[in-house]
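Undergrad:
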Amino acid sequence: MSRTTISLGLLVLLGCCLAGCAANTTSYVRDDVDFSYIRRVAVYPFVNRSQDPQAAPRVYSIFQAELLQHDALRTIDLGETLGGLQALRLDPAAVLAPEQIVALGKQLGVDGIFFGDVDDYGLERASGDRVYSVTFTFSLAETETGSVVWQSTVHDDGTSLWRKLFGGGTASLHDVSRSAIADALETLF
Amino acid sequence: MTRRPGMRDLSTGLALALLVSLVAPAAAGRLVAPSPGEGRAGALVFLDSWTETVLPLPVAELRLDAERQLEVALQLSGRTVVMTDGLMRLAGVRRVRSAAALSPRFLADLRDLLGIDELVIVQLIVEPQRLLMLARSLDTAQGLVWQLWQAEEPVGTLLLGDDLDAGRAALLDALTRALRSVSEGGRVAAPDPERPRALLLPATPIGCSLQEGLLATHVLLARAAGDGRAAYVDPAYAAAVLLDAGLDPRRLDGEARALLSRTFDAQVVARPILMAYGSGPLATPRAIGNDPDERIGPRSLVSSFWLALQDVDLRDGTLVNGADLYVQHQGRTGWFGQVDRTSLLTRLQDATRTLWHDYRTSLEDI
């Protein structure tokens, strides 16, 4: 076997390992929307479908921090959003119809509203190991018509190539969540 | 931490005893006569027992001991002191139920009726293995923080044993050591009026206890005030302004923002959020099924803190700055068998320092 073939084989193997460690993201962006007009946004309270009762507010906090890093958007505080929901007598746990999104957008003076679902958040047993694993779904609705213009589902866990080869602890839940959120938002910005 | 039978009853009893001891005027009043022109300090002692901690000592007695020692410590630092029972003579006018919300009206009463210009608040948190002291002094005119102290003292495991006298002695010894910092700190001058005022709300705990929230707020406030760039309004005072108006400090809606802006002439309020504190994986609720040997304390080998700090613009409710930090500290056994026993308070201070640095850097980038 030639040296070139061995090198190529190793590269392919490494590529496969790295691909296995990257976050798994599926996203949808509407092509016909001009995102530049979305300047001020709200983040709706996240829906928690995981077993950790504190997962939604924790992921919400990281999501807000990640949004803050993108200077393109001005994000309003959760208290302001909840105040708007109260004024419109909307339940924070309810799924909003497009006309309710439009009304909330007017109430809050925002161009877009982010929504989030925390599907998995916690320890997962994989190949005998326990690793932190998260699955989130985020979406953005514009408030002129209430339609969804971006959606991303992301799954990530605390494994890494290094850990698989040499052992070691799982990445923290915070780091896994942050990485997943950053990957999801990368498909938007 | 496992739940023990009757623990809830005990906690309720402790809370009641504390409340009674706070509001009942002492038989022998120790109110110091006012001296014209002399700055006086009032002092309040609050005692919190950590969640589900068994404390086999009379709470009122312990609080009295703490008060006596605090009085000496404050007098040694050159203050003329009015102790809690003297302050509680005002209780007929206004009661103080918690150091987490100091009503502006109460501070005004201290200033106007007792001539007190400085209020020293000491919060003691007693755990089976350690005593935590959080103390701060603030001016009664504007609620600005003047000085902060914090101490963590190990008390061994005597409190859980049968020997109450030994446990009490260990606790008092720890208390003396903790309060020494108050007497050594001395009085400080009021903040420079030229310095801008800043607002920091009490930390919102998510999945953490109120006491942990108090601890995080205090340490963060110490870091912020120590920065020297601004004079900080006491978080409990800022929160009380909202609570007195029937508003929730954790929920900054338009009304709450307008009130803060109007009262403190501020444009921005910083809001800390505490999402993890202590040891153990985040996915496991701390109180359920944790091995008692892994209980949080100076002997813990693994600790994690998750803190966020966000600046909210009081004019339009937008987030203008923020930092988010998760830090895990793993103590290791060295080559010669020594175990890293860095205290939880020290670790929290380290985490807060990093958070504050990130926050300031982010602010300067704007």
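Heads up: the sequence lines are chains P and X, in that order. Going by the numbering used here, the first sequence wraps up at 189, each residue one higher than the last. Going by the numbering used here, the second sequence wraps up at 1366, each residue one higher than the last. Glycine included, each C-beta is placed from N, C-alpha and C at the ideal position.
1. Just to confirm before moving on: does the CB-CB distance between P1272 (chain X) and L1220 (chain X) stay below 8 Å?
2. Can you check DSSP and say which residues form a bridge with G1322 (chain X)?
3. Output needed in chain order: residues of the region 1311-1334 of chain X with a Cβ under 8 Å from some Cβ in chain P.
4. Taking C-alpha atoms, which residue in X:V1120, X:E1255, X:R1360 lies nearest to Q1310 (chain X)?
5. Taking contact to mean 3 or more Cβ pairs, one atom from each stretch, closer than 8 Å, check whether the region 69-89 of chain P and the region 102-117 of chain P are in contact.
6. Using the rule of at least 16 other Cβ atoms within 10 Å of the residue's Cβ for burial, across every protein chain shown, is V29 (chain P) buried or exposed?
7. Comparing the C-beta of W1306 (chain X) with each C-beta of chain P, is any distance below 8 Å?
8. Is the CB of S61 (chain P) under 8 Å away from at least one CB in chain X?
9. Any beta-carbon of chain P closer than 8 Å to the one on G1207 (chain X)?
10. Where does F1106 (chain X) fall in DSSP's three states?
11. Would F1046 (chain X) be called buried (16 or more neighbouring beta carbons within 10 Å of its own) or exposed?
12. With 16 other CB atoms within 10 Å as the buried threshold, where does Y37 (chain P) fall?
13. S139 (chain P) and D120 (chain P): beta carbons closer than 8 Å?
14. From the DSSP output, which residues share a beta bridge with Y121 (chain P)?
15. If we call anything under 8 Å between Cβ atoms a contact, is L1132 (chain X) one with L1348 (chain X)?
16. Between the Cα of E1184 (chain X) and the Cα atoms of X:L1138, X:L1044, X:A1151, which residue gives the shortest distance?
17. Against chain X, does R39 (chain P) count as a neighbour if the rule is that its beta carbon must be under 8 Å from one of theirs?
18. Using the C-alpha atoms, what's the distance from G109 (chain P) back to E142 (chain P)?
19. As an exercise, report each continuous beta strand (DSSP E) stretch of at least 3 residues that is fully enclosed by the region 1179-1215 of chain X, in chain order.
20. Is it right to say H70 (chain P) is buried, meaning 16 or more other beta carbons lie within 10 angstroms of its own, or is it exposed?
21. Does the distance from the C-beta atom of G1370 (chain X) to that of L1107 (chain X) stay below 8 Å?
22. What do you reckon, are the CB atoms on A1066 (chain X) and L1124 (chain X) nearer than 8 Å?
23. In whole angstroms, what separates the C-alpha of A56 (chain P) from that of R1180 (chain X)?
24. V59 (chain P): buried (16+ other C-beta within 10 angstroms of its C-beta) or exposed?
25. Per DSSP, which residues does S1303 (chain X) bridge with? Please list them.
26. List the endpoints of the continuous alpha helix (DSSP H) containing V176 (chain P).
27. Distance check for D1112 (chain X) and F189 (chain P), CA to CA, integer angstroms please.
28. Determine whether the beta carbon atoms of E80 (chain P) and D1253 (chain X) lie at a separation below 8 Å.
29. Taking Cβ positions only, does G83 (chain P) come closer than 8 Å to chain X?
30. Just verifying my parser: in three-state terms, what is the DSSP assignment at V33 (chain P)?
31. Pick out whichever of P:F114, P:F136, P:G116, P:G112 has its Cα sitting closest to the Cα of G122 (chain P).
32. Thinking C-beta only, is A1230 (chain X) closer than 8 Å to A1198 (chain X)?
33. Starting from T1277 (chain X) and walking both ways along the alpha helix (DSSP H), at which residues does that stretch end?
34. Which whole-angstrom value describes the C-beta separation of G1207 (chain X) and Q64 (chain P), a residue pair presumed to lie in contact below a C-beta threshold of 8 Å?
35. For I101 (chain P), which of helix, strand or coil comes out of DSSP?
36. If you count every other CB in all the chains shown that lies within 10 Å of the CB of S147 (chain P), and 16 or more means buried, which is it?
TA: Short version:
1. yes
2. X:Q1310
3. V1312, D1316, G1317, T1318, L1319, N1321, G1322, A1323, D1324, Y1326, Q1328
4. X:R1360
5. yes
6. exposed
7. yes
8. yes
9. yes
10. helix
11. buried
12. exposed
13. no
14. P:V134
15. no
16. X:A1151
17. no
18. 12 Å
19. 1197-1200
20. exposed
21. Any answer about residue 1370 (chain X) is impossible in this case: the structure gives chain X only from 1001 up to 1366.
22. yes
23. 43 Å
24. buried
25. X:H1329
26. 173-186
27. 57 Å
28. yes
29. yes
30. coil
31. P:F136
32. yes
33. For clarity, residue 1277 (chain X) is Tyr in the given sequence; the question names Thr instead. Premise fails: Y1277 (chain X) lies in the beta strand (DSSP E), 1268-1278, not in any alpha helix (DSSP H).
34. Not confirmed; about 17 Å, so no contact.
35. helix
36. exposed
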